[in-house]
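2 protein chains.
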Amino acid sequence: MQLSVDGDAAKKDAPISQSGLVYEALSAAIMKGELAPGAKLSEPAIAEQLGVSRAPVREAIRRLQERGVVHHTANQGARVVAPTLEQFLALLDVREALEGMTSRLAATAMSEEAVADLRALVAEHGTAFSEDPTGPYMQESRDTDFHVRIARGCGNPVLTDLLCVQFYPQLKLCRLQHRGQKGRGLAAWKEHDRIAQAIADRDGELAELLMRRHIRAARAALLQSQGR
Amino acid sequence: MQLSVDGDAAKKDAPISQSGLVYEALSAAIMKGELAPGAKLSEPAIAEQLGVSRAPVREAIRRLQERGVVHHTANQGARVVAPTLEQFLALLDVREALEGMTSRLAATAMSEEAVADLRALVAEHGTAFSEDPTGPYMQESRDTDFHVRIARGCGNPVLTDLLCVQFYPQLKLCRLQHRGQKGRGLAAWKEHDRIAQAIADRDGELAELLMRRHIRAARAALLQSQGR
DNA sequence: GATCTTATTTGTGTCGACACCTTAGTGCTG
DNA sequence: CAGCACTAAGGTGTCGACACAAATAAGATC
């Protein structure tokens, strides 16, 4: 494990506090797979590696727990969660309901400007695909971008927070552990395009249907790639 | 404010750790309204009142933040969240989707024994109602019980956790600040009864419909009582 | 040689203290 | 008298250290 606080943490809003730095460092390490699922988070070790005290480390671990990417047991420390396939599937089932609702609301609530941005994003992904048809990691980043925009545009702050703060980090971790789903990039892009179109048409019912189908398709691809 | 650690904290699994005691004390104080929404949580004050250091207090506040009942801003401390009516409504909207799904799943996943327990609970509430038709607080406790049982029986751990850990505490806080909805107790009980029956009949589609209607009715009653 | 017991070590939970920030109160200036 | 700068108080963020629990390693017994 190789942690660093300076890395790319200062991309957006640089956290001045030390706990923020530790959080960024741990979060990046987990998402990059350096801290594997199931790995134990030793407070003294992390504190020494980052040159801080244990207090900000504890704070950062708490924030990670809030996001659902680490699990903490009493007198036993924190471990990176290692989601089973069943938990992954359960997460996707709930996600289908939530994002279906999100898409339906977004079709009504999103501003014209936000809709235009969304369509531009999908178009950009399309051109990028025509150049490089296979880009698994980039695709994941794009996928997240797409869904985050819709979550932000649904007009229900509870829903937005729930998805962005809890579901998307956990999903990322799940994907990290259960890799697969090769070749779904293009199909996913087409589905994104149709969803964006439905939202642009202000057709909430269709947007929900397409989004639910989109997530069910991803779930099915996962099941197939995991051999069940 | 009058905090106490001994109270009724030792009802179920007594937390051995001090942070657990502080958490119980703060949680109880918030839910009983002693710590009003918007009130600031001063770490030194709480630490002194409970006779502990600031460390377990910080830990407890973190856990409360995880539940969504306090909000923490950097260098500014934590405050009990004061949900606006709009946030309350947004929470109910998401809850409708989640609990609708929960009821549908529970109709299939709940064991015969759990279904029997659920129906017994509803029946018990019915007899209690015939004796005392108005019992606002008790009704809220009963309402929570009913919904928790369904959440536990849906078979999707993500859904169960989301509802029990995040939504129900926040809902309790919302009800605390936006009181009203007098007289909906009996109507709510009837709706509970129908939902339980649909689950007992293993009719997931109907259970979802009834649950969504149940929550929409509560939402409408809230809107009316809050004068909009 | 395997297993139970015991000692060591690592790590978490908690404590008291200090530095910096935020805020409220006070005095000064125009 | 109003507005601003300054000071003081309170509070959070962080630190180092200690007590207790858990996991591990070593030793003794069967």
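Chains as they are written, first to last, in numbering that gives the first Met the number 0: chain A, 0 to 227; chain B, 0 to 227.
Note that the Cβ used here is the ideal one computed from N, Cα and C, for glycine as well.
Can you list, in chain order, the residues of its chain whose CB lies under 7 Å from that of residue i, leaving out five sequence neighbours each side?
i: B/Ala195; result: Leu117, Arg118 and Val121
i: A/Ile214; result: Leu91, Arg94, Glu95 and Glu98
i: A/Ala46; result: Ser52, Arg53 and Val56
i: B/Ala197; result: Ala106, Leu205, Ala206 and Leu209
i: B/Cys163; result: Val147 and Ala150
i: B/Asp142; result: Ala187
i: A/Cys153; result: Thr101, Leu104, Ala105, Ala108 and Thr159
i: A/Ala38; result: Arg78 and Val79
What are the residues that DSSP puts in a beta bridge with residue i?
i: A/His71; result: A/Ala77
i: A/Lys31; result: Beta-bridge pairing links A/Lys31 to no other residue.
i: A/Leu40; result: A/Ala77
Between the options, which lies nearest to residue i when the distance is taken from Cα to Cα?
i: A/Thr25; options: A/Gln138, A/His177 and A/Ala77; result: Looking at the sequence provided, one finds Leu at residue 25 of chain A rather than Thr. Measuring from the Cα of A/Leu25, the nearest candidate turns out to be A/Ala77.
i: A/Leu255; options: A/Arg62, A/Arg103, A/Lys39 and A/Pro168; result: Only positions 0 to 227 of chain A appear in this structure, which leaves residue 255 of chain A out of reach.
i: B/Leu221; options: B/Ala28, B/Ala106 and B/Leu175; result: B/Leu175
i: B/Ala186; options: B/His70, B/Ala216 and B/Gly203; result: B/Ala216
i: B/Arg103; options: B/Cys173, B/Gln165 and B/Arg151; result: B/Arg151
i: A/Asp202; options: A/Pro82, A/Ala108, A/Glu33 and A/Gly37; result: A/Ala108
i: A/Phe128; options: A/Gly184, A/Val79 and A/Ile149; result: A/Gly184
i: A/Leu172; options: A/Leu84, A/Gly182, A/Asp131 and A/Cys153; result: A/Leu84
i: A/Ser140; options: A/Cys153, A/Asp131 and A/His124; result: A/His124
i: A/Phe87; options: A/Thr126, A/Gly182 and A/Phe166; result: A/Phe166
i: B/Glu112; options: B/Ala199, B/Gln225 and B/Ile15; result: B/Ala199
i: B/Ala81; options: B/Ile29, B/Gly50, B/Cys153 and B/Gln223; result: B/Ile29
i: B/Lys31; options: B/Asn74, B/Ile15 and B/Val79; result: B/Val79
i: B/Leu170; options: B/Leu49, B/Ile15 and B/Ala89; result: B/Ala89
i: B/Thr228; options: B/Lys189, B/Ser110, B/Ala115 and B/Ala219; result: Since the first residue of chain B shown is 0 and the last is 227, residue 228 of chain B is not available in this structure.
i: B/Ser16; options: A/Gln223, A/Gly182 and A/Asn74; result: A/Asn74
i: B/Met193; options: B/Val114, B/Ala35 and B/Pro36; result: Checking the sequence shown, residue 193 of chain B turns out to be Arg, not Met. With distances taken between Cα atoms, B/Arg193 lies closest to B/Val114.
i: B/Asp131; options: B/Val157, B/Gly182, B/Leu34 and B/Pro156; result: B/Gly182
Please compile the residues from chain B whose C-beta is within a distance smaller than 9 Å of the C-beta of residue i.
i: A/Pro156; result: Glu85, Gln86 and Ala89
Skipping 5 residues on each side, what residues in its chain have a beta carbon closer than 6 Å to that of residue i?
i: B/Arg211; result: Glu95 and Gly99
i: B/Pro168; result: Arg66 and Val68
i: A/Ser18; result: Pro55, Glu58 and Ala59
i: B/His191; result: Val121 and Phe145
i: A/Gln64; result: His71
i: A/Gln138; result: Gly184
What in chain A is Cβ-close to residue i, meaning under 9 Å?
i: B/Leu161; result: Val93, Leu161 and Gln165
Using the beta-carbon of each residue, which ones in chain B are nearer than 7 Å to residue i?
i: A/Ala73; result: Ser16
Suppose the cutoff is 8 Å on Cβ atoms and the five residues either side in sequence are ignored; what does the same chain contact list for residue i look like?
i: A/Ser41; result: Gly76
i: B/Leu161; result: Leu97
i: B/Thr218; result: The sequence as given places Arg at residue 218 of chain B; Thr does not occur at that position. Contacts found: Leu88, Leu91, Asp92 and Glu95.
i: B/Gln223; result: none
Is residue i near the ligand COA, in the sense that its beta carbon is under 7 Å from a heavy atom of that ligand?
i: A/Glu65; result: Only the bare structure without any ligand can be found here, which leaves the ligand COA out of the picture.
Checklist entry - Got a sec: which bits of the stretch 39–65 of chain B sit with their beta carbon under 9 Å from any beta carbon on chain A, in order along the chain? => result Ala54, Arg57, Glu58, Arg61, Arg62, Gln64 and Glu65
Item to check | Chain-ordered residues of the stretch 96–125 of chain A with a beta carbon less than 9 Å from chain B | outcome: Ala96, Leu97, Gly99, Met100 and Leu104
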